[in-house]
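See structure below.
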Amino acid sequence: MSFRLANYWDFGSSWHALDAEFCEHYPNNVIGNLDGFLSKELASHGPFYPAPCDIFRAFKLTPLNEVKVVIVGQDPYADGRAMGLAFSVRRGEKLPQSLRNIYSALEKDVGIPPPVCGDLTSWAEQGVLLLNSVLTVRRGEAKSHRKGGWWTRLTNQALILVAQERPGAVFCLWGAQAEGKRKHLERSGCVHILTAPHPSPRTCRKPFRGHPRFLDCQHFSKAKARLRETNQDRICWKIPPCPPSTCSASPPCY
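Here it is as structure tokens:
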């Protein structure tokens, strides 16, 4: 079974600087390797997650020229709930524990009661790039698509592009794999990088590898302060979506 990622990439979009990554003759091209890898995955293990049409959802919902905050995770959910946005699940899906922990940190930081919906599309549409370090995963096997570092190359290039084109963006790196991208951001001149443990049950409720516990990271309020300093529009963190001008959260969610 042949699989081509280029069929799902939106050529000519605001992310057009990454178009060359999908060209077969591009130097050090890794997409061809990924196409071969994913073709073998389909043949030997069946469908992977998220669905092909959702692999690049983060890029489709958050144009490069609108990125204000970047939240970097690790892998998509391997149980079928992945929808192409890091940590997000569709409306009606049971909340994964990592997302519950994110909501707990949100409440502790800025006072928003934990939402019942796990769809983070409203964040993406306001300029929050929700990007996993690896964009696909084998069904039922976390970390299974990290082989070869092929996805890492593409997501590194995407983050470097944001750092170069959006100097006021705030980068929130959650987990060891996400934090590994810090060196690439610093080389690109990025100065506002926040790191925290992954919001998984294992690492979120106690200090981990020199970091305070995830629940105390305060990344939402720190991002708010940075956006204010750089005169950027605020993010309404409340879910379900509400335009910042009509936000009814108490205290205000931005």
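Note that our numbering gives residue 156 to position 156 of the sequence shown, counting from 1, and the numbers run on in steps of one. For glycine and all other residues, C-beta sits at the position ideal for the given N, C-alpha and C.
_Bridge partners - ILE193, DSSP secondary structure assignment_ = PHE171
_Below 8 Å on the Cβ atoms is my contact criterion, and I expect LYS181 with VAL72 to pass it. Report the Cβ-Cβ distance as a whole number of Å._
6 Å
*For ARG100 and ALA124, the rounded distance between their alpha carbons*: 18 Å
*Using a Cβ cut-off of 8 Å (strictly closer), state whether ASP10 contacts chain E.*
Given the protein chain composition of this structure (a single chain), no chain E is represented.
_So, with DSSP's three-state summary, where would you put ARG138?_
strand
*Would you call the CB atoms of LEU173 and LEU194 closer than 8 Å?*
yes
*Using DSSP with H/G/I as helix, E/B as strand and the rest coil, what is ILE71?*
strand
_Closest to SER44 by C-alpha separation, out of GLN232, ASN231, ARG139, would be which residue?_
ARG139
_Any non-hydrogen atom of the ligand ATP within 7 Å of ARG90 CB_ = Of the ligands one can find in the structure shown there are none, so the ligand ATP has no counterpart to examine.
*Nearest-angstrom Cα distance between GLU107 and PRO113?*
5 Å
_Does the structure place the stretch 215-232 close enough to the stretch 156-172 that three or more beta carbon pairs sit under 8 Å?_
yes
*What does PHE48 pair with, by DSSP beta-bridge criteria?*
ARG138
_On the criterion of 16 or more Cβ atoms from any shown chain inside 10 Å, does GLY127 qualify as buried, or is it exposed?_
buried
*asked:* Looking only at its chain, what residues have a beta carbon closer than 7 Å to the beta carbon of TRP9, apart from the 5 residues adjacent to it on each side?
replied: PHE22, PHE56
_Cβ-based burial, GLN177 [other Cβ within 10 Å; buried from 16]_ = buried
_Nearest candidate by alpha-carbon position, reference LEU159, set ALA105, ARG146, ARG187_ = ARG187
_Proximity to HIS16 [Cα-Cα], best of GLY36, ILE31, PHE59_ = PHE59
_Beta-carbon proximity of LEU161 to LEU64, cut-off 8 Å_ = yes
*Is ASN156 helix, strand or coil when you go by DSSP?*
helix
*Which word fits ALA20, buried or exposed, when buried means at least 16 other C-beta atoms lie within 10 angstroms of its C-beta?*
exposed
*Reducing DSSP to helix, strand and coil, say where CYS242 ends up.*
Because CYS242 carries a pLDDT of 49, less than 50, the predicted location of this residue cannot be relied on, and the following value inherits that uncertainty. In the structure shown, CYS242 sits in coil (DSSP, three-state: anything other than H, G, I, E or B).
*Residues near SER2 in its chain [Cβ-Cβ closer than 7 Å; skip 5 each side]*: SER39
*Cβ-Cβ distance between SER98 and LEU120 below 8 Å*: no
*Closest residue to GLU179 among ARG202, GLY168, HIS211 (Cα-Cα distance)*: HIS211
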